[in-house]
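Quick note, the sequence shown lines up with residues 36 to 305 if you use my numbering. Glycine included, each C-beta is placed from N, C-alpha and C at the ideal position.
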Amino acid sequence: MSQPTLHTLHRPLGSTGLMVSPLGLGTVKLGRDQGVKYPNGFQIPDDDEARMLLKLSRDLGINLIDTAPAYGRSEERLGPLLRGQRQDWVIVSKVGEEFVNGVSHHDFSAAHTRRSVERSLQRLETDFIDLVLVHSDGNDLAILNECEVYETLADLKREGKIRGFGLSGKTVEGGLKALETGDCAMVTYNLNEQAEKPVLDYAAAHGKAILVKKALASGHVCLSPGVDPVRASFELVFGHHGVASAIVGTINPLHLAHNVATVAQVLRNL
36 MSQPTLHTLH RPLGSTGLMV SPLGLGTVKL GRDQGVKYPN GFQIPDDDEA RMLLKLSRDL
96 GINLIDTAPA YGRSEERLGP LLRGQRQDWV IVSKVGEEFV NGVSHHDFSA AHTRRSVERS
156 LQRLETDFID LVLVHSDGND LAILNECEVY ETLADLKREG KIRGFGLSGK TVEGGLKALE
216 TGDCAMVTYN LNEQAEKPVL DYAAAHGKAI LVKKALASGH VCLSPGVDPV RASFELVFGH
276 HGVASAIVGT INPLHLAHNV ATVAQVLRNL
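Below, the structure written as structure tokens:
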């Protein structure tokens, strides 16, 4: 039997006009192995391994790729790795968090926001980024209400440097606020954590985009014997009509193929 793919299961990213695969490839593990909350250690893939992972993703029908300046060398590695493939990918990056010498710090000023996007454009070797999300430190409402980051992203969208913007946040209030004027919220939603469900409900009602992070609880999910935790996780995530795509950060080709097959099956049974 041939490997199931997501090629025929792409769906709208809210009202951005973009079509995305229901699974996106998260690339923190391409650029950073410090200060990451995974149950097991891992080795950052070399260029050949990363290239094979990206090719497998494309072959499996994945067109959404998620990166960030806070993901170490992820952006600068993706630029060369994706040369000649720009039309094949919807690229999501972030602003607001920097990761330097093993330490994270945050800056949501207008100047830093603009500088960060310009740097991401250079690193990714592209003229535009499809979606840029504010990489929240948890103070979602303060960031949106008191900083200039959202207004600056709106300016960059008008200038054509980004196609959409939103918030990768940590609170219901922040997610709802972000969707009022933004295009997308990235939320945590999994078998262990469903507190941000009101953000998904709002998005579904208002034609906004939702990307789910930690859909598999960063690999920590555990269920009773005989229940496939990956399938149960994706049944929960895609059982909500507000969800456009779930970002998975695996660098294991077998895990990736299994995730794709499971999502394809779940979506066809909905």
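Item, Value
"What residues in its chain sit with their C-beta under 6 Å from that of D312, if we drop five residues either side in the sequence?", "In the structure as shown, the chain starts at 36 and stops at 305, and residue 312 therefore has no counterpart that could be examined."
"Between V222 and N180, what straight-line distance do the alpha-carbon atoms span, to the nearest angstrom?", "19 Å"
"For the candidate residues R266, V283, P288, whose alpha-carbon lies nearest to that of L305?", "R266"
"Would G274 and A238 be called neighbours here (beta carbons separated by less than 7 Å)?", "no"
"On a CA-only basis, which of I164, V55, T285 is nearest Y73? Give me that one, please.", "T285"
"Using the beta-carbon count (16 or more within 10 Å), is G52 buried or exposed?", "exposed"
"CA-CA distance, Q69 and L302?", "35 Å"
"In chain order, which continuous runs of the beta strand (DSSP E) of length 3 or greater are located wholly inside the segment 53-128?", "58-61, 99-101"
"State the CB to CB distance for the pair A105 and E133, rounded to an integer number of angstroms; the pair is presumed to be in contact (CB under 8 Å).", "6 Å"
"Buried or exposed for P47, going by 16 or more other Cβ atoms inside 10 Å?", "exposed"
"Which residues in the same chain have their Cβ closer than 6 Å to the Cβ of P288, if we skip the five residues on either side of it in sequence?", "L91"
"Can you list, in chain order, the stretches of the alpha helix (DSSP H) that have 4 or more residues and sit fully within the segment 185-237?", "207-216"
"Taking I245 as part of the beta strand (DSSP E), name the residues at either end of that continuous run.", "244-248"
"When we look at the beta-carbon of N225 and count the other beta-carbons within 10 Å, is it buried (16 or more) or exposed?", "buried"
"Name, in chain order, the residues that DSSP records as bridge partners for V130.", "V169"
"For E7 versus S139, is the C-beta distance shorter than 7 Å?", "The chain is shown from 36 up to 305; residue 7 falls before or after that span and cannot be answered."
"State the beta-bridge partners of H141 as determined by DSSP.", "E132"
"Once you ignore the five residues that flank N75 on each side, which residues in its own chain have a CB closer than 6 Å to its CB?", "none"
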